[in-house]
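In terms of our numbering, the sequence shown has 932 at position 127, counting the first letter as 1, and numbering is strictly consecutive. By construction, the Cβ of each residue, glycine as well, lies at the ideal position given by its N, Cα and C atoms. Notes follow once the structure below has been shown.
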Amino acid sequence: MHGSAHRSTCLNCGEEQPIDRVLERVASGESDPPCRRLVGSEQCGGILKSSTISFGQALRPESMHQALALATTCDLLLAVGTTLGVYPVASIVPSAKEAGARIVIINQGPTALDGLADVLVDGALSDVLPQVLQRRLPTS
Ligand SMILES: [Zn+2]
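Next comes the structure, spelled out in structure tokens:
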């Protein structure tokens with residue numbers, strides 16, 4: 806929902822590319838490499854930023870659409886490291902619940918949607934997530 810730190814986006818023309826290409830340019834001496842996309846015969850020159858959604862930036866509609874589609878067809882939804890207090894993203898949890906998914910909320914402290922959780926884990930993610938990931942579900 807909040808983009809990817811593995812890609813960069815030009816704030817001028819919107820072109821995306823692997824962020825490694827930009828970081829390589831920084832490593833080779835460019836302190837603030839501009840967008841090189843050709844617009845006509847000139848380079849765009851726009852500011853390159855990681856493809857993450859920053860405060861004040863709108864979510865990508867296609868991300869929300871895809872998340873809701875997945876939420877309404879999944880068996881289990883994990884909500885990790887969020888207070889679930891910001892919409893529309895928080896609406897993914899009740900959408901999944903209404904569609905029949907089990908809900909697991911893992912967060913340090915309460916969330917706005919704790920009442921929807923089938924399993925609630927309260928703890929620091931750095932402590933809890935490694936333990937959760939080490940567990941294996943029985944195969945059927
Ligand atoms: Zn550009």
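Asp923 (DSSP reduced to helix, strand or coil):
In the structure shown, Asp923 adopts coil according to DSSP, grouped into three states.
Contact under 7 Å by Cβ, Ala901 with Ala917:
The Cβ atoms of Ala901 and Ala917 do not sit closer than 7 Å to each other.
Just grab the DSSP bridge partners of Lys854 for me.
Note: Lys854 sits in a beta bridge opposite Thr814.
With a cut-off of 6 Å, give the chain-ordered residues whose Cβ is closer than this to any heavy atom of ligand 1.
So the residues near ligand 1 by this Cβ test are Cys815, Asn817, Cys818, Glu820, Cys840, Arg842, Cys849, Gly851.
Taking the straight line between their C-alpha atoms, what separation do you get for Ser931 and Gly845?
Here the C-alpha atom of Ser931 lies approximately 49 Å from the C-alpha atom of Gly845.
Thr814: buried (16+ other C-beta within 10 angstroms of its C-beta) or exposed?
A residue is called buried once 16 or more other Cβ atoms fall within 10 Å of its Cβ, and Thr814 is buried on that count.
Please list the terminal residues of the continuous alpha helix (DSSP H) segment that includes Ala872.
Segment 866-876, the alpha helix (DSSP H) holding Ala872.
Quick one, which of Tyr892, Ile897, Val891, Asp927 has its alpha-carbon nearest Cys879's?
Checked all of Tyr892, Ile897, Val891, Asp927; the closest Cα to Cys879 is Ile897.
Pull up the distance between the alpha-carbon of Gly851 and that of Ser868, whole angstroms please.
The C-alpha of Gly851 lies about 24 Å from the C-alpha of Ser868.
Three-way DSSP call (helix, strand, coil) for Ala884 in this model
Strand.
Ordered along the chain, which non-local residues of its own chain (more than five positions away) have a Cβ less than 7 Å from that of Pro893?
When the five nearest sequence neighbours on each side are left out, the beta carbons in the same chain lying within less than 7 Å of the beta carbon of Pro893 are those of Met869, in order along the chain.
Would you call the CB atoms of Ile908 and Leu882 closer than 7 Å?
Less than 7 Å divides the Cβ of Ile908 from the Cβ of Leu882.
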